[in-house]
Amino acid sequence: MVTRSRPAGVTRSRLAVASGRLGASLERQSRTVRSALERAARRLLHLWRSSLQLRVIVSTMLLGLIVVLMLGSYLYQRIADGLVDDRILTARAEATSQTRDAQSRFDSAGKMDSVSLTQLAFDVVGQLSSPGADQSREVILTRAKNNTGPASVPTVLSSDVGLSSVPAGLRAAIASDPTHQQVQIISIRSPDATMVSAAIVGSRVTLPTAGQYELYFVFPLQREQQTLAVVGRTFALGGVALVLLLGAVAYVVTRLVVDPVRRAALVAERLSSGRLHERMRAHGEDDIARLGKSFNAMADSLQKKIRQLEDLSRVQQRFVSDVSHELRTPLTTIRMAGDLIHDTRHDFDPSVARSAELLHNEIDRFESLLSDLLEISRFDAGAAALDVEATDLRATLGRAIESTAALAARRGSSLDVIPTDGPCVAEIDPRRVERILRNLVANAIEYGEGRPVTVQLGVNLNAVAVSVRDKGVGLRPGEAALVFNRFWRADPARARTSGGTGLGLAISREDARLHGGWLHAWGEPGVGSCFRLTLPRHTGVPIEYSPLPLRPKEQRSPSSLAGSATRRAAAPERVEP
Ligand code: ADP
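Quick look at the structure:
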């Protein structure tokens, strides 16, 4: 048979690989355990924070436990002291009478030899110790320390409790005060080998011819200890029951209070979500019922006010819608007459021809104002609906730019477009989005003071975006939020060459909202403005962040730029709504 031994290096490297794997698996396991513990701790913390009931119950039980522990240990100590004191009292009385008996027996014995005296000592000790299996009293008779006479009687013990159990201090106390009884508490080994406390009572006796001896009575406190153990167990059981009872009481009481509060919170949530008819149950006369009644009264008055405001707003919307519709018919006639006059203006005086042109321009403005008003009325009435189709935003933007090219040429502004690398497809209503983009680009040209306007496209996983940046008048602080208000204008006196109505951005924002999108503005006086439209790529899928930044790069602080430059290479800046 050929035995081949493996080279030591190979074995060592396998061992290293195996121990490496073991280490990795242990590491994995400890990571799993740690994360499970962390999850459990987080869940507990959440429960603790969110449940008032749990907090009240746990706090009550903890406080109850502290009180029970303090009171229980005080009472236990008092009972233990009482039991021991009582036992010492009876032990003293017993020892006194027994010592007197022993002394009278020794006295009556008269003079005798040492053998008879020893026999007598054994008899006396045997009699003094309890008869039979009753271990309630042990006796030790031993020569006094200061008895220097010839020892004629040895130490006599009634049981295993030896002389070593007698404390030296007790012996010294008897030696210094032989006329009085001395008592101490000691520990002795019981017959079942456990340690028990015992009271030891010692006093002097005089033996004929042998002189001074010490007589000790040992009273084991076994029964007292048993009684105390029963008391301790009863206290512990009673304490646990009391703490549980406190917990149950706290549970019932908090349920009585917390339940109505929870119901009130639920009703308040429903109310704030628009369910104005929600009310609390309010029966009885107690505090909770009063809370319910006041809450309901508040909800009633809120509902009334909201209804009034809704009615008012509905009347206003109706009025605007009716007026706009009513104006359409006369405007059509005026339009036709105006067009006729405008077409034949060359046959009139120059001054009348000029008036014909002015009339024509104003009719244009009037028409676009009326159509904007009708559009706003449709939004207010909730009648605006999307006509969604998958559209490449590049085409929509192209059309919007085309329609504003003439205005840009007039104002001397160039339009730079930064497209996306690939397609920029989203589910949108192309007509509405084109209207938004047209309005943003037209505004940028209008307020861009002839400087270049940059239009950028962006796309990410959930959203598409278009930002329109100009370097014109810009916006003063706070105006970025106001520009979307109806009829708001930074400078009402400013003459609009393109015939703006002051409703363009309000309609654009409504259009963006209809898509579930955002329209944001940024601007600084003299630096320019940036308007950014962000739309979800798929209808109903919310936008997480916009693919394009709102604030232009050069307007951010150097530190924030430095921080975001590398991030943007991988992912666009995160911009919240
Ligand atoms: P309109 O342009 O017809 O006045 P809009 O709703 O489009 O109405 O705009 C409202 C106001 O917002 C404008 O009057 C103007 O003051 C301000 N605004 C809009 N776009 C810009 C921009 N690019 N730069 C500066 N201000 C702007």
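Each residue of the sequence shown is one higher than the one before, counting from 16 in the numbering used here.
All C-beta atoms in this analysis are idealised placements derived from N, C-alpha and C, irrespective of residue type, glycine included.
Computed from a predicted structure; not experimentally measured.
Next item on the list: State the Cα-Cα distance for the pair Q199 and L185, rounded to the nearest angstrom.
Entry: Their Cα atoms are separated by approximately 7 Å.
Item checked: Those residues which DSSP pairs with F6 across a bridge -> Outside the displayed range of the chain (16 to 592) lies residue 6, so it cannot be described from this structure.
Checklist line | Pair within 8 Å by beta-carbon distance, L401 and D444 | finding: When the beta-carbon positions are compared, L401 and D444 come within less than 8 Å of each other.
Next item on the list: Just confirm the distance between the C-beta atoms of W537 and R501, as a whole number of angstroms; I'd bet it's less than 8 Å.
Entry: Taking a contact as a CB-CB distance under 8 Å, the pair W537 and R501 does not count as one, their CB atoms being some 21 Å apart.
Item checked: Inter-residue Cα distance where the pair is E404 and E442 -> Looking at the two C-alpha atoms, the distance is approximately 5 Å.
Next item on the list: Can you give me the Cβ contacts of I460 inside the same chain, cut-off strictly under 7 Å, excluding the 5 residues immediately before and after it?
Entry: Once the five neighbours on either side are set aside, the close Cβ partners of I460 are T419, L422, A423, R426, S428, V468.
Item checked: Short Cβ contact (8 Å threshold) for P562 with G473 -> Cβ distance < 8 Å, so P562 and G473 count as in contact.
Notebook entry, point to check: In the structure shown, what three-state DSSP assignment does F234 receive?
Noted result: Here F234 sits in strand by DSSP.
Margin query: Below 8 Å, how does it come out for the stretch 80-91 and the stretch 193-212: are there three or more Cβ pairs, yes or no?
Written below: Because the criterion of three Cβ pairs below 8 Å is not met, the stretch 80-91 and the stretch 193-212 do not touch.
Note to self: Helix, strand or coil, according to DSSP, for P567 in the structure here?
What the structure shows: Coil at P567, not helix or strand.
Margin query: Taking contact to mean 3 or more Cβ pairs, one atom from each stretch, closer than 8 Å, check whether the stretch 488-498 and the stretch 446-453 are in contact.
Written below: Segments in contact, no.
Notebook entry, point to check: Taking the alpha carbon of Y91 as the point to measure from, which residue in H357, T516, L257, T249 has its own alpha carbon closest?
Noted result: Among H357, T516, L257, T249, the Cα nearest to that of Y91 belongs to T249.
Next item on the list: Determine the closest residue to T549 out of V220, E525, A505, A31, with distance taken between C-alpha atoms.
Entry: Nearest of V220, E525, A505, A31 to T549, Cα basis: E525.
Checklist line | Per DSSP, the bridge partner or partners of P562 | finding: In the DSSP output, where bridge partners are listed per residue, P562 has none listed.
Note to self: So, for N602: in the same chain, excluding its five sequence neighbours on each side, which residues have a beta-carbon less than 7 Å away from its beta-carbon?
What the structure shows: Absent from the model: residue 602. The displayed extent of the chain is 16 to 592, so no value can be given.
Notebook entry, point to check: In terms of residues, what are the limits of the alpha helix (DSSP H) holding M351?
Noted result: 302-358 is the extent of the alpha helix (DSSP H) around M351.
Check: Relative to the ligand ADP, is the shortest distance from any of its heavy atoms to the C-beta of R504 smaller than 7 Å?
Finding: For R504, the shortest separation between its Cβ and any heavy atom of the ligand ADP lies below 7 Å.
Note to self: Going by C-alpha to C-alpha distance, which of I189, G164, I215 sits closest to V176?
What the structure shows: Taking the Cα of V176 as reference, the smallest distance to any Cα among I189, G164, I215 is reached at I215.
Check: Which parts of the stretch 255-279 are runs of the alpha helix (DSSP H), unbroken and 4 residues or longer, counting only runs that do not cross its ends?
Finding: Unbroken alpha helix (DSSP H) runs of no fewer than 4 residues, entirely contained in the stretch 255-279, are not found.
Item checked: Euclidean distance between Cα positions of L374 and S544 -> Taking the straight line joining both Cα atoms gives about 33 Å.
Check: In chain order, what residues of the same chain lie with their CB nearer than 7 Å to the CB of N311, ignoring the 5 residues before and after it?
Finding: Same-chain partners within the cutoff: R294, M295, A297.
Next item on the list: In the DSSP assignment, find the beta strand (DSSP E) that holds A214 and state where it starts and stops.
Entry: Per DSSP, A214 belongs to the beta strand (DSSP E) from 210-222.
Check: Any idea what DSSP makes of D128, helix, strand or coil?
Finding: In this structure, D128 counts as coil in the three-state DSSP scheme.
Notebook entry, point to check: Tell me, which residues are paired with D407 by DSSP?
Noted result: According to DSSP, which records beta bridges pairwise, D407 is partnered with V440.
Next item on the list: Provide the residue span of the alpha helix (DSSP H) that contains D431, from first to last.
Entry: Looking at the DSSP string, D431 is not in any alpha helix (DSSP H); the run it does join, the beta strand (DSSP E), is 430-433.
Next item on the list: Evaluate contact between the stretch 262-279 and the stretch 59-71, counting only Cβ atoms and requiring at least three cross-stretch pairs below 8 Å.
Entry: Note that the stretch 262-279 touches the stretch 59-71; at least 3 beta-carbon pairs, one per stretch, sit closer than 8 Å.
Next item on the list: With distances taken Cα to Cα, identify the nearest neighbour of N161 among A410, Y228, S129.
Entry: In this structure, Y228 is the residue among A410, Y228, S129 with its C-alpha nearest to the C-alpha of N161.
Next item on the list: Put V171 into one of helix, strand or coil per three-state DSSP.
Entry: Correct three-state label for V171: strand.
Margin query: Suppose the cutoff is 8 Å on Cβ atoms and the five residues either side in sequence are ignored; what does the same chain contact list for L62 look like?
Written below: These residues qualify, in order along the chain: L69.
Next item on the list: Please indicate yes or no: does the CB of G487 lie closer than 7 Å to some heavy atom of the ligand ADP?
Entry: Yes, since a heavy atom of the ligand ADP falls inside the 7 Å radius drawn around the Cβ of G487.
Next item on the list: Please classify S392: is it buried, with 16 or more other beta-carbons within 10 angstroms of its beta-carbon, or exposed?
Entry: Using a 10 angstroms sphere on the CB of S392, the tally of other CB atoms reaches 16 or more, which defines it as buried.
Notebook entry, point to check: Does the beta carbon of L317 fall short of 7 Å from some heavy atom of the ligand ADP?
Noted result: In terms of side-chain proximity, the C-beta atom of L317 is found no nearer than 7 Å to any non-hydrogen atom of the ligand ADP.
Checklist line | Residues sharing a beta bridge with S370, DSSP | finding: Under DSSP, S370 shares a beta bridge with no residue.
Item checked: beta strand (DSSP E) segments (min. 3 residues) lying fully within the stretch 453-504 -> Within the stretch 453-504, the complete beta strand (DSSP E) runs of at least 3 residues are 468-474, 478-485.
Item checked: Start-to-end residues for the beta strand (DSSP E) that takes in L156 -> DSSP places L156 inside the beta strand (DSSP E), whose first and last residues are 153-158.
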